[in-house]
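Undergrad: Protein sequences appear in the order of chains A and B.
In this text, residue positions in the first sequence follow the working numbering: the first is 268, and each later residue adds one.
In this text, residue positions in the second sequence follow the working numbering: the first is 111, and each later residue adds one.
Where is the CB? At the ideal position from N, CA and C, for every residue including glycine.
Just so you know, these numbers come straight off a predicted model, no measurement behind them.
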Amino acid sequence: MIRVVSTAQVSNPMQNGAPLPSLAAELKQVCREHFRRVDRFIELAVLGSGRCAGGHMLDPDCGLYLGSGLGTMTSTILSQEQLLRDREVPTPFNFINTLGNSAGYYVAKNLRLTGQNLFISRRGASLPAALTAAWLDLELGVVRQALVGVVEEATLPLEEHRHRQGLPADTAVAEGSHWLLLEKGAGSGRSFRAQHLTDPADYAATLATAEHEGVGLLPVAPSFPFHDSWIGAWLTQQLQGEGTVLLTEGDESRGWDLFHFGA
Amino acid sequence: MAGVAIRGVGLSSALGLDAQSCTDALLTGGGKPELLSVEGFAEPVQAGYFRIPDGGELFDPERFARLLPAVVRTAVAGARLSAAETRALPVFVGSSCFSVGRSESDYAAALAAGSSSAYPMPHCGYDGLADLARRAIGSAGESFSYNTACTSSANALLGAMRALNFGRHRYALVIGAELANRTTLCGFSGLQLLAEHARPFEAERDGIVLGEAIGAVLLASEPGADEFCLLGGADNCDTHSITTTNPEGESVLAASREALRCTGVDAGDVCGIKAHGTASPSSDLAEAAGLRKLFAALPPLSVLKPHIGHTLGASGVVELVLYASALRRGLMPAWAGFGKPDPELGISPLTRPVPAPAGYYLLNHFGFGGNNAVLVLEKRA
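#1: When you compare the CB of B:Cys339 with every CB in chain A, is at least one pair closer than 9 Å?
#2: Hey, how far is the Cα of B:Glu368 from the Cα of B:Ala491?
#3: In three-state terms, what does DSSP make of A:Thr465?
#4: Kindly identify the DSSP beta-bridge partner or partners of B:Tyr159.
#5: Give the interface partners of A:Ala468 over in chain B, defined as CB-CB distance under 7 Å, in chain order.
#6: I need the boundaries of the alpha helix (DSSP H) containing B:Cys296, first residue and last residue.
#7: Of the residues A:Ala275, A:Gln296 and A:Glu310, which one's Cα is nearest the Cα of A:Glu420?
#8: Where does the unbroken alpha helix (DSSP H) through B:Gly193 begin, and where does it stop?
#9: At a Cβ cut of 7 Å, what residues of the segment 229-257 of chain B count as close to chain A, listed as they run along the chain?
#10: Starting from the C-beta of A:Pro435, find all residues in its chain whose C-beta is less than 8 Å away, skip the five residues before and the five after it, and write them out in chain order.
#11: Would you please state the rounded distance, in angstroms, between the beta carbons of A:Thr515 and A:Leu525? I believe it to be under 8 Å.
#12: Run down chain A in chain order and give the residues with a C-beta less than 9 Å from the C-beta of B:Glu153.
#13: May I have the straight-line CA-CA distance separating A:Leu423 from B:Glu214, to the nearest angstrom?
#14: Beta carbons nearer than 7 Å to chain B: which residues of the segment 384-397 of chain A have them?
#15: Got a sec? Which residues, its chain only, sit under 6 Å from B:Phe476 by beta carbon, not counting five neighbours each side?
#16: Chain A partners of B:Gly296, CB-CB under 7 Å?
#17: At the level of alpha carbons, what is the spacing between A:Gly579 and A:Val313?
#18: Who are the neighbours of A:Leu366 on chain C, taking C-beta pairs under 9 Å?
#19: For the segment 409-431 of chain A, enumerate the residues whose C-beta is nearer than 8 Å to any C-beta of chain B, in chain order.
#20: Please list the terminal residues of the continuous alpha helix (DSSP H) segment that includes A:Pro395.
#21: So, using beta-carbon positions, are A:Leu394 and A:Asp495 closer together than 9 Å?
#22: Going straight from the alpha carbon of B:Ala273 to that of A:Leu484, what length do you get?
#23: Three or more C-beta pairs closer than 8 Å, one from the segment 401-418 of chain A and one from the segment 373-386 of chain B: is that the case here?
#24: Taking Cβ to Cβ, would you say B:Gly277 is nearer than 9 Å to B:Val182?
#25: So that I know if they touch, is there some Cβ in chain A lying closer than 9 Å to that of B:Ser226?
#26: Using a Cβ cut-off of 8 Å, pull out every chain B residue sitting near A:Asp404, in sequence order please.
#27: Exposed or buried, B:Gly126, counting other C-beta atoms within 10 Å across all chains shown (16 or more means buried)?
#28: Between which two residues does the alpha helix (DSSP H) holding B:Thr353 run?
#29: Is any beta-carbon of chain A found at less than 9 Å from that of B:Asn474?
#30: Give the single residue among A:Leu474, A:Gly408 and A:Ala461 whose Cα lies nearest to the Cα of A:Lys451.
#31: Please name the residue, chosen from A:Tyr373, A:Thr381 and A:Val356, that lies closest to B:Asp348 on a Cα-to-Cα basis.
#32: Taking only runs of the alpha helix (DSSP H) that begin and end inside the segment 472-510 of chain A, which ones reach a length of at least 4 residues, in chain order?
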């Protein structure tokens, strides 16, 4: 049996013209040390994962599965400005922070993890992609614990941030970091199971049953038109309630992943 | 973990535009880097570089669209899939750069045109290469894009293997892709890690020579008469430093031991090793220390980066394809140009190809962010 041991989130809705809120005080509460030369994406990842892990014993080889659709935008934007506008080579830490797994490195350093450390992306569905990888590893016995998260930055100015993603000018945007700690074995916490369906009739029947039973339900199709962390926000909020929750992702051509969270 | 078969391969690298020509070149002397200059900076950005010989302009953002489809089609053709199997084929991609080169080009063009609306990173996200591959073969399958620095496509291989082992799919396409871009070249230059010549494990090694390559493998969940089986592997995270591996080699050793444990292979049964061998002084030191601790007698060691450069996120798949293609011809590849060994390392790569028997082979991949991935390959009789 796989259980959801804990969940946590960071969610900051953004307003046009407003600065990004400082995370310094919140980071102090979850960090064993002060990390210098880190960017916003790393801060969000360290904060969300730190809150999720807080008070729980993590195995050193707990797997880390970080999903993101946009990834490390602030550092990559800064690198391109340095390179192409200012004609300077990127500063070393700025360049290193453009790597998708730099955030995972700091999460591992903060939580003293030495196991598998992955950055996985599938635009619009990076959390389901990361959950799938974690689920397979838990079922196959590759890991006993999995820390699964989705992180998205909101970069300033927001007008460019929306334009980059092809979003209408009035679209509400937020930055977010949403995490689940999954563990295999007996204990407390919601149950978690996943399945992969390829028969449309099976999928439709499962959805109908879930709707009939009043399950918290979010079916995500490819090209889901929301920020990847929106799914994380929805899921972590649902899991703070009491009912069963079902997240699905996929379509007829690739099949559907169903993530069931027991009451 | 059960093994998966390698049923098709595709490759384009500095050695050639297909796997056969790359292997021919590898086994007859290999390649040499050109001296590359990236203009326009106060400090010169100059280093050796291994370029795919496609005749294209180095930073042309259309090169992925021109080069990647042929590589993935060749890999998929090797498996003779039905139309339905091809349509359902999942795609696992590992890369360090993804679409950053296209963003650079479009942003540079907007700046040059004096556009007041020019902004950096006009293209974001990591899906572009998976989408390109799916269009090339007619797949509507799911995708997983991995960005874990130099272990990206090694981790994509492990992810695909686990999906196959679990029975989620019967086949999976795994791609490693890296093409030249300014961010990577100038970023490594800023770190002062670049050199003119790749000299892994030499006493005089002085840095990395980057390269570009695209590789693809078609994996099948049920090995039949296939010559090569990817048995499994392991990866871990070393938080010693974000840019260098623990010089004591402990995390390299841990990843190697776990890879052997989960595949049920004894270190004494390993016939050969494809080293990571970046020629970075600290990375080679860590790899050598880990290997010395793992093996009482070191098996023959091959290095590929003097021939194709360090292809970063692509190296997991690219070096698997190149190494396995040499083994298929009965030889472990060598580097004849190896000079003075480093006594501190205590290991030296092959300088002449040696016969490659049936058995087990270890493939090392390490990267920034502390990522270490080790794969175990079986060459079957």
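TA: For this structure:
#1: Mapped onto the second sequence, residue 339 of chain B falls at position 229. No - not a single Cβ of chain A is within 9 Å of the one on B:Cys339.
#2: Translated into positions along the second sequence, residue 368 of chain B becomes position 258. Translated into positions along the second sequence, residue 491 of chain B becomes position 381. Distance between the alpha carbons of B:Glu368 and B:Ala491: 25 Å.
#3: The residue given as residue 465 of chain A occupies position 198 in the first sequence. Coil, per DSSP.
#4: Looking up residue 159 of chain B in the second sequence gives position 49. B:Tyr159 pairs with B:Glu144 and B:Leu320.
#5: As a working note, residue 468 of chain A is residue 201 in the first sequence. Chain B residues near A:Ala468: none, gap ~17 Å exceeds 7 Å.
#6: As a first step, residue 296 of chain B is located in the second sequence; it is residue number 186 there, counting from the start. Looking at the DSSP string, the run of the alpha helix (DSSP H) that includes B:Cys296 is Arg292 to Gly300.
#7: Here residue 420 of chain A corresponds to residue number 153 of the first sequence, with the count starting at 1. Comparing Cα-Cα distances from A:Glu420 to each of A:Ala275, A:Gln296 and A:Glu310, the minimum goes to A:Glu310.
#8: Along the second sequence, one-based indexing puts residue 193 of chain B at 83. The identity of residue 193 of chain B in the sequence shown is Ala, whereas the question assumes Gly. Looking at the DSSP string, the run of the alpha helix (DSSP H) that includes B:Ala193 is Ala193 to Arg197.
#9: So the close ones are Tyr229, Pro230, Met231, Pro232, Cys234, Gly235, Tyr236, Asp237, Ala250, Gly251, Glu252, Ser253, Phe254, Ser255, Tyr256 and Asn257.
#10: Translated into the one-based positions of the first sequence, residue 435 of chain A becomes position 168. Once the five neighbours on either side are set aside, the close Cβ partners of A:Pro435 are Arg429.
#11: Counted from its first residue, the first sequence places residue 515 of chain A at position 248. Counted from its first residue, the first sequence places residue 525 of chain A at position 258. Yes, A:Thr515 and A:Leu525 are in contact; Cβ-Cβ is about 5 Å, under 8 Å.
#12: For the purposes of this step, residue 153 of chain B is taken as the residue at position 43 of the second sequence. Simply Glu355 and Val356.
#13: Translated into positions along the first sequence, residue 423 of chain A becomes position 156. Translated into positions along the second sequence, residue 214 of chain B becomes position 104. Taking the straight line joining both Cα atoms gives about 19 Å.
#14: From the segment 384-397 of chain A, only Asn384, Leu385, Phe386, Ile387, Ser388, Arg389, Arg390 and Ala396 have a Cβ closer than 7 Å to chain B.
#15: Within the second sequence, numbered from 1, the residue matching residue 476 of chain B stands at position 366. Result list for B:Phe476: Thr355, His386 and Asn482, in chain order.
#16: Numbered from its first residue, the second sequence carries residue 296 of chain B at position 186. The amino acid occupying residue 296 of chain B in the given sequence is Cys; Gly does not appear at that position. Within chain A, the residues near B:Cys296 are Leu350, Val356 and Pro357.
#17: Chain A is shown only over 268 to 530; residue 579 of chain A falls outside these bounds and no answer can be derived.
#18: Structure shown: chain C not included; protein chains present are A and B.
#19: For the segment 409-431 of chain A, the set of positions with a beta-carbon nearer than 8 Å to some beta-carbon of chain B reads Val409, Glu427, His430 and Arg431 in chain order.
#20: As a first step, residue 395 of chain A is located in the first sequence; it is residue number 128 there, counting from the start. Here the alpha helix (DSSP H) through A:Pro395 covers Ser393 to Leu407.
#21: Translated into the one-based positions of the first sequence, residue 394 of chain A becomes position 127. Translated into the one-based positions of the first sequence, residue 495 of chain A becomes position 228. It is a contact, given that the beta carbons lie within the stated cut-off.
#22: The count along the second sequence starts at 1 and reaches residue 273 of chain B at position 163. The count along the first sequence starts at 1 and reaches residue 484 of chain A at position 217. Their Cα atoms are separated by approximately 25 Å.
#23: no
#24: Against the second sequence, residue 277 of chain B aligns to sequence position 167. Against the second sequence, residue 182 of chain B aligns to sequence position 72. Not closer than 9 Å, so no.
#25: Indexing the second sequence from 1 puts residue 226 of chain B at position 116. Not one chain A Cβ lies under 9 Å of B:Ser226.
#26: Mapped onto the first sequence, residue 404 of chain A falls at position 137. Near A:Asp404 (Cβ distances below 8 Å), the residues of chain B are Arg272.
#27: To locate residue 126 of chain B, count along the second sequence from 1; it is residue 16. It counts as buried.
#28: Counted from its first residue, the second sequence places residue 353 of chain B at position 243. Careful: B:Thr353 lies outside any alpha helix (DSSP H) and carries neither H nor E.
#29: Locating residue 474 of chain B in the second sequence gives position 364, where the first residue counts as 1. It does not: the Cβ of B:Asn474 has no partner Cβ on chain A nearer than 9 Å.
#30: What you label residue 451 of chain A is simply residue 184 of the first sequence in a count that begins at 1. It is A:Gly408.
#31: Sequence index remark: in the second sequence, residue 348 of chain B carries index 238 (1-based). Answer by Cα proximity: A:Thr381.
#32: Complete alpha helix (DSSP H) runs here, min 4: 495-506.
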